[in-house]
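S.K.: Residue numbering for the sequence shown follows the UniProt record's numbering, beginning at 1 and increasing consecutively.
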Amino acid sequence: MTKDKNKKQKKQKQDHKATEKDAIPAGQEDMHHEPKAELKLQDSHPDQSRNSDFDAFYLRKVTMELQEDLDKIRSAVDFKDSSLPILISALQQGSSLFSEAEKSRIMGEEASVHTK
1 MTKDKNKKQK KQKQDHKATE KDAIPAGQED MHHEPKAELK LQDSHPDQSR
51 NSDFDAFYLR KVTMELQEDL DKIRSAVDFK DSSLPILISA LQQGSSLFSE
101 AEKSRIMGEE ASVHTK
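Following this line, the structure appears as structure tokens:
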């Protein structure tokens with residue numbers, strides 16, 4: 001019975017990872033031709049949750065700022081569906097340039113803007 005339980009837990013973890021990987025981050029729904037999906041990560045650790053929130057915020061801002069350029073890339077003849085994950089990954093990497101202190105400050109400012 002323990003083996004069955006372990007197999008079930010392992011399968012659930014794999015399914016969860018696949019769901020996260022296949023999800024489209026908020027703000028990039030317009031770039032994708034298939035049904036919309038939201039990136040929803042459930043983190044038990046507050047720092048991970050803060051980083052996820054910042055990453056989503058950063059990605060929304062970058063895609064809004066680069067909207068015209070991203071539309072040109074997406075409509076290029078050589079752009080394929082398989083290119084989308086590469087593009088998303090490249091955009092997401094920019095959030096790693098911010099320190100934890102900067103992320104906290106930016107997210108604190110963003111929260112105060114929405115509460116006013």
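For each residue, glycine too, the CB sits at the ideal point set by N, CA and C. Note that the structure is a prediction, hence the values are computed from the model and not measured.
1. My guess is that F54 and S95 are in contact by the Cβ rule of under 8 Å, so how many angstroms apart are they, rounded?
2. Assuming the contact rule is C-beta atoms closer than 8 Å, L59 and Q92 should be a hit. Round their C-beta distance to whole Å, please.
3. Do the CB positions of K79 and I86 come within less than 8 Å of each other?
4. Would you kindly report the start and end of the unbroken alpha helix (DSSP H) that includes Q92?
5. I need the straight-line Cα distance from K61 to E110, nearest angstrom please.
6. Please classify A101 as buried or exposed, where buried requires at least 16 other C-beta atoms within 10 Å of its C-beta.
M.R.: Reading off the structure:
1. Rounded, the Cβ-Cβ distance is 6 Å, consistent with contact.
2. With 8 Å as the limit, L59 and Q92 qualify as a contact, their Cβ atoms being about 6 Å apart.
3. Just to set this straight, residue 79 is Phe in the shown sequence, not Lys. It is not a contact, given that the beta carbons lie outside the stated cut-off.
4. According to the DSSP assignment, Q92 belongs to the alpha helix (DSSP H) that extends over L84 to Q92.
5. Spanning the two alpha carbons is a distance of roughly 12 Å.
6. Residue environment analysis places A101 among the exposed positions, since fewer than 16 neighbouring C-beta atoms fall within 10 angstroms of its C-beta.
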